[in-house]
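Residue numbers (our numbering): 227 to 584.
Don't be surprised by glycine CBs; every beta carbon is placed ideally from N, CA and C.
Predicted model, so just to flag it, every value in this text is computed and none were measured.
Below: one structure, written as structure tokens.
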Ligand code: GYE
């Protein structure tokens with residue numbers, strides 16, 4: 227190569243590098259040096275979330291999204307099914323097509339999962355179930371489940387009510403209670419209704435009716451309107467989540483009733499589950515809601531710990547239950563005993579609202 231040509235090539239390379247550094251780009255050679263995490267290191271997680279029907283659901287989604295980030299070494303593919311199982315099945319099939327490393331499923335209802343989970347198993351992709359459970363013919367179709375004991379939640383809230391009534395001289399036969407149920411067929415609804423039916427029968431309460439509230443404020447309002455049109459003796463409303471409780475309170479107060487714990491003096495007691503919605507927790511502190519069974523939505527870290535265990539060759543527990551509290555505004559019932567275990571009751575007040583974690 228002539229000396230002139232060599233100098234020409236060098237000057238072209240130098241000017242391209244200069245232009246690149248001015249424009250902020252780096253020549254291919256440097257790009258490798260800058261990328262600390264290679265695509266092979268990224269763990270791809272497909273998450274099928276059932277919807278966005280409640281504050282609990284939003285907190286659950288946020289918990290997952292805040293854990294499965296690029297900074298933590300993940301790529302999260304998030305699909306919101308808008309309460310439709312068919313959308314969840316489609317999402318799982320797309321995860322299989324994309325050959326993700328893990329599938330996380332928050333199932334809208336318990337049944338109808340065998341086929342698509344068999345396809346995931348066939349593809350060798352572990353499936354982690356969160357929140358509600360799946361009813362399948364072969365439990366090897368999912369690796370493990372993380373969530374709440376919903377029947378225990380229901381029994382705890384009912385036992386709190388029973389002790390509260392006893393403390394305040396209310397006869398069980400004077401309790402005329404309705405159940406505003408969550409999404410029919412979901413584990414949370416099945417468990418909370420089962421806990422309610424068992425304890426109400428045990429205590430001898432008058433169960434006036436069950437109506438579907440679908441875990442939403444609007445549906446719960448419709449249900450409460452229908453109940454007030456058809457019955458005039460209801461004095462306790464068991465809501466299967468906070469969003470329902472807020473709708474129920476609106477309807478009760480619009481009909482001239484006072485929501486509170488003193489049913490002997492004509493108030494209507496409202497109890498609920500979750501403890502996420504700030505307005506609901508404020509209503510508890512104000513006395514409109516008498517008791518909330520905590521339902522913890524923060525499953526992101528729990529799911530990540532399962533994935534870490536699987537990647538280190540450990541086998542996670544098949545069913546992982548979270549511990550949960552009972553919230554109230556009164557120290558009349560400091561604790562309850564269920565199945566030989568004592569559960570403390572947490573009394574909330576104004577100051578707790580300022581640091582409420584959701
Ligand atoms: O209680 C409710 C949500 O499955 C535990 O679903 C969850 C329930 C929760 O819509 O707010």
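Limits of the beta strand (DSSP E) - the one that residue i falls within
i           : result
residue 499 : 495 to 500
residue 567 : 567 to 573
residue 614 : The chain is shown only over 227 to 584; residue 614 falls outside these bounds and no answer can be derived.
residue 515 : First-last for residue 515: undefined, no H or E at that position.
residue 552 : 552 to 554
residue 306 : 300 to 306
residue 562 : 561 to 564
residue 198 : In the structure as shown, the chain begins at 227 and stops at 584. Residue 198 is therefore absent and cannot be evaluated.
Boundaries of the alpha helix (DSSP H) in which residue i is found, first to last residue
i           : result
residue 384 : 376 to 393
residue 273 : Careful: residue 273 lies outside any alpha helix (DSSP H), inside the beta strand (DSSP E) at 269 to 275.
residue 410 : Note, residue 410: premise wrong, no alpha helix (DSSP H); not H, not E.
residue 318 : 311 to 323
residue 533 : 526 to 537
residue 292 : 281 to 293
Buried versus exposed, by CB contacts within 10 Å (16 or more), residue i
i           : result
residue 410 : exposed
residue 413 : buried
residue 310 : exposed
residue 557 : exposed
residue 428 : exposed
residue 563 : exposed
residue 393 : exposed
residue 282 : buried
residue 577 : exposed
residue 253 : The predicted position of residue 253 is uncertain, since its pLDDT is 37 and thus under 50; a value taken from the coordinates is nonetheless stated next. Exposed is the call here.
residue 307 : buried
residue 569 : buried
residue 268 : exposed
residue 317 : buried
residue 560 : exposed
residue 297 : exposed
residue 516 : buried
residue 328 : buried
residue 323 : exposed
residue 457 : exposed
residue 540 : exposed
residue 585 : Outside the displayed range of the chain (227 to 584) lies residue 585, so it cannot be described from this structure.
residue 480 : exposed
residue 452 : exposed
Distance cut-off 7 Å: residue i Cβ against heavy atoms of the ligand SAH
i           : result
residue 467 : Looking for the ligand SAH in the displayed structure turns up nothing; the ligands present are the ligand GYE.
Rounded Cβ spacing between residue i and residue j (contact assumed at less than 8 Å)
i           : j           : result
residue 401 : residue 391 : 6 Å
residue 439 : residue 378 : Actually they are not in contact, since the Cβ atoms of residue 439 and residue 378 sit about 21 Å apart, beyond 8 Å.
residue 284 : residue 441 : About 12 Å separates the two Cβ atoms, so there is no contact after all.
residue 520 : residue 567 : About 16 Å separates the two Cβ atoms, so there is no contact after all.
residue 301 : residue 270 : 5 Å
residue 490 : residue 362 : Not a contact, Cβ separation roughly 48 Å.
residue 585 : residue 467 : As displayed, the chain neither begins before 227 nor continues past 584, which places residue 585 out of reach and without an answer.
residue 477 : residue 459 : Contact flag wrong, Cβ pair sits at about 16 Å.
Whole runs of the alpha helix (DSSP H) within the stretch 413 to 479, excluding any shorter than 4 residues: Here the runs fully enclosed are 413 to 429 and 443 to 456.
Does the stretch 510 to 519 come within contact of the stretch 324 to 344, defined as at least 3 CB pairs closer than 8 Å? In this structure the stretch 510 to 519 does not touch the stretch 324 to 344; the number of beta carbon pairs closer than 8 Å is below three.
Report yes or no: do the stretch 382 to 397 and the stretch 490 to 500 share at least 3 C-beta pairs separated by less than 8 Å? A contact exists between the stretch 382 to 397 and the stretch 490 to 500.
Pair every Cβ in the stretch 279 to 294 with every Cβ in the stretch 415 to 428, then say whether three or more of these pairs are closer than 8 Å. With a cut-off of 8 Å, the stretch 415 to 428 and the stretch 279 to 294 do not count as touching, because too few Cβ pairs lie within range.
Can at least three beta-carbon pairs, one atom from the stretch 348 to 361 and one from the stretch 371 to 384, be found at a separation below 8 Å? Result yes; three or more Cβ-Cβ pairs closer than 8 Å.
Pair every Cβ in the stretch 304 to 322 with every Cβ in the stretch 524 to 541, then say whether three or more of these pairs are closer than 8 Å. Judged by Cβ distances under 8 Å, the stretch 304 to 322 makes no contact with the stretch 524 to 541, as fewer than three pairs qualify.
Between the stretch 466 to 474 and the stretch 432 to 451, can you find at least three pairs of beta-carbon atoms closer than 8 Å? Yes, the stretch 432 to 451 touches the stretch 466 to 474.
Mind pulling the beta strand (DSSP E) runs of 3 or more residues that sit fully within the stretch 324 to 380? The qualifying runs are 328 to 331, 353 to 356 and 370 to 373.
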